[in-house]
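Undergrad: Here this note's numbering is used: the first residue of the sequence shown is 254, the next is one more, and so on. From the three backbone atoms N, C-alpha and C, an ideal C-beta is built for every residue, glycine too. Here's a structure for you.
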Amino acid sequence: MKLLRLLMTLSLLASTLASCGGGPLLTDSSGSVVVDRDAGTAAVLSYQLGRPATISVFLADSTGQRFILRDGEARTASSDPYTLRFDGTAPTDDPQILQRALPSGAYTYTIEATAADGQAATSSGALLIRGRDIEPPQVENLLVSPAAISPDSDGIDDTAEITYQLPVTATVDLFVAPPGGGNIIPIIAAEQQEPMPQVARWDGKTADGGLLPTGSYTYTLRAQDDFGNIVRRQGQIAITSSGQPEATITYSAIAPARVELGNLITVTLRVKNTGDVAIRTYGPPSGYQYSTNDVFSAIEDGQYVQKPGGFWRVGVDWDANTTAGPRRYPFRWAISPRPPEQWATPFVEDMLQPGEEASVIGRIKVDQPETKMGFYVGLTWDGVGFPQDRIGRQIVEVGF
């Protein structure tokens, strides 16, 4: 019985010693620690822990300035050494220089371990950085234009351009963060860029094209050169309004159903802005008369040629017409309830506000030698397509 009690006591003692750790808290096995930039080699710090501990690692230069590599990070006990690869760079407190390549020269590294019971151990050694000194790159000529955008597809300030230049080849990330935090919106992700003028564009939407609320958004440009320098620049882009344009033809009529060659048909339409933003439109105005030999881009000395970005009109086409190029919907009119002298820009363009409805009348002189013509109407959105296509079809018989 005494022998059994003795064995149990020894077993408990061994377990207690094992839980406390029999070896030293910290063992430094780093050896020679040299960073050679010209050769592209990094230094490796190695250490072992006899007990769980928090680890801090820092460098100090000849003036005593510290460069933190690890700060209070938890580690478990391990007989296998922990390793820290050091490439000659360290984080900084400068918000525009996140990480920089340290100047060449002699440094002292220090590894600090602190156990849960407060016991601490420290090991220090010499560290040498060789090679040429590399200053962090400067982001040059950073400009955002316009600084306030309204992504509503009207062709006016829908997109922000971010232009800049780097003096060296660098890996670039560019993203936008919403006000108050949340998911970032990537614009450029880990893209290697050459030292030349660069331009990036943001359409004021999420990565999958979703609309964003108005507010001030923060863009972040981050660039890392081949030596580990990481620089950052930030700024603001405001979204002043956003929305998705939409219009609907609510009524259409084409008459008469029979005409003599050279006579007129009349198209009567009503179009409503069913979206949440105003849509831009331009002429010719309601009431304009075409011939079936005309096309909108050639009338009135090309005054109504298709414009880039955001403009809407109502159009008429017929079955036998070509189905591609500028001949699609050759007869087009402005979607406005006002005469051209009362347009937002008189005789140039107007805005159809959300919920507003416009009545449009168009006339077409039938000069096409066809016995039957299948006319139809649609909405045209310059540079985008035909949101409503081939509706309100009417067969018109043509007599000779």
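1) Return the CA-CA distance between Leu474 and Pro431, expressed in angstroms with no decimal places.
2) Determine, using beta-carbon pairs with one atom in the stretch 405–425 and one in the stretch 527–541, whether at least three such pairs fall under 8 Å.
3) Could you give the first and the last residue of the continuous beta strand (DSSP E) run that contains Leu517?
4) Where does the unbroken beta strand (DSSP E) through Leu351 begin, and where does it stop?
5) Going by CA-CA distance only, name the one from Gln641, Val569 and Ser469 that's closest to Val619.
6) Comparing C-alpha positions only, which one of Asn526, Leu514, Ser495 and Gln556 sits nearest to Thr545?
7) In this structure, how does DSSP classify Gly555 when only helix, strand and coil are distinguished?
8) The beta strand (DSSP E) spanning Ile441 covers which residue range?
9) What does a CB cutoff of less than 6 Å around Asn482 pick up in its chain, not counting 5 residues either side in sequence?
10) Less than 8 Å separating the beta-carbons of Ala611 and Ile648?
11) Only counting the same chain, and skipping five residues up and downstream in sequence, which positions put a Cβ closer than 6 Å to that of Tyr472?
12) Distance check for Arg454 and Tyr582, CA to CA, integer angstroms please.
13) I need the DSSP call for Glu594, collapsed to helix, strand or coil.
14) Does the count of Cβ pairs from the stretch 376–389 and the stretch 444–459 closer than 8 Å reach three?
15) Report the CB separation of Val567 from Val524 in whole angstroms; it is logged as a contact under 8 Å.
16) For chain D, check one thing: does any of its Cβ atoms lie closer than 8 Å to the Cβ of Ile588?
17) Would DSSP call Arg319 helix, strand or coil?
18) How would you call Asn526, buried or exposed, if buried means at least 16 neighbouring beta carbons within 10 angstroms?
19) So the candidates are Leu312, Thr280 and Thr361; which of them puts its Cα closest to the Cα of Glu331?
20) Which class does Arg581 belong to by DSSP, given the choice of helix, strand or coil?
21) Which residues bound the beta strand (DSSP E) around Gly278?
22) Would you mind reading off the limits of the beta strand (DSSP E) that contains Met604?
TA: According to the structure shown:
1) If you number the sequence shown from 1, residue 474 lands on position 221. If you number the sequence shown from 1, residue 431 lands on position 178. When rounded, the distance between both Cα atoms is 15 Å.
2) yes
3) Position 264 of the sequence shown, counted from the start, is the residue given in the question as residue 517. Here the beta strand (DSSP E) through Leu517 covers Leu517 to Asn526.
4) One-based indexing of the sequence shown puts residue 351 at position 98. Ile350 to Ala354 is the extent of the beta strand (DSSP E) around Leu351.
5) Here residue 619 corresponds to residue number 366 of the sequence shown, with the count starting at 1. Ranking the options by Cα distance to Val619, first place goes to Val569.
6) Position 292 of the sequence shown, counted from the first residue, corresponds to residue 545. Residue Leu514 is the option with its Cα nearest to Thr545.
7) Within the sequence shown, numbered from 1, the residue matching residue 555 stands at position 302. Residue state, collapsed to three classes: helix.
8) Walking along the sequence shown from the start, residue 441 turns up at place 188. Note, Ile441: beta strand (DSSP E), Ile438 to Gln446.
9) Here the question's residue 482 lines up with position 229 in the sequence shown. The answer, listed in chain order, is Arg353, Ala354 and Pro389.
10) Start at 1 with the first residue of the sequence shown, and residue 611 comes out as number 358. Start at 1 with the first residue of the sequence shown, and residue 648 comes out as number 395. Contact: no.
11) As a first step, residue 472 is located in the sequence shown; it is residue number 219 there, counting from the start. Answer for Tyr472: Val429, Gly488 and Ile490, listed in chain order.
12) Taking the first residue of the sequence shown as position 1, residue 582 is located at position 329. Taking the first residue of the sequence shown as position 1, residue 454 is located at position 201. For Tyr582 and Arg454, the distance between alpha carbons rounds to 32 Å.
13) Residue 594 sits at position 341 when you count from the first residue of the sequence shown. Glu594 falls in the helix class under three-state DSSP.
14) no
15) Within the sequence shown, residue 567 is the residue found at index 314, counting from 1. Within the sequence shown, residue 524 is the residue found at index 271, counting from 1. The pair is a contact, with the Cβ atoms about 6 Å apart (cut-off 8 Å).
16) Annotation note: the requested chain D is absent from the structure, which comprises a single protein chain.
17) Within the sequence shown, numbered from 1, the residue matching residue 319 stands at position 66. The answer is strand: DSSP assigns Arg319 an E or B state.
18) In the sequence shown, residue 526 corresponds to position 273, counting from 1. Buried, because 16 or more other Cβ atoms sit within 10 Å of the Cβ of Asn526.
19) For the purposes of this step, residue 331 is taken as residue 78 along the sequence shown, with counting starting at 1. Glu is not the amino acid found at residue 331; the sequence shown has Ser there. Selected option, being the one with the closest Cα: Thr280.
20) Stepping through the sequence shown from its first residue, residue 581 is reached at position 328. Note: Arg581 maps to coil in three-state DSSP.
21) As a working note, residue 278 is residue 25 in the sequence shown. Before going on, a small fix: residue 278 reads as Leu here, not Gly. Careful: Leu278 lies outside any beta strand (DSSP E) and carries neither H nor E.
22) In the sequence shown, the residue the question calls residue 604 occupies position 351. Unbroken beta strand (DSSP E) run through Met604: Asp603 to Leu605.
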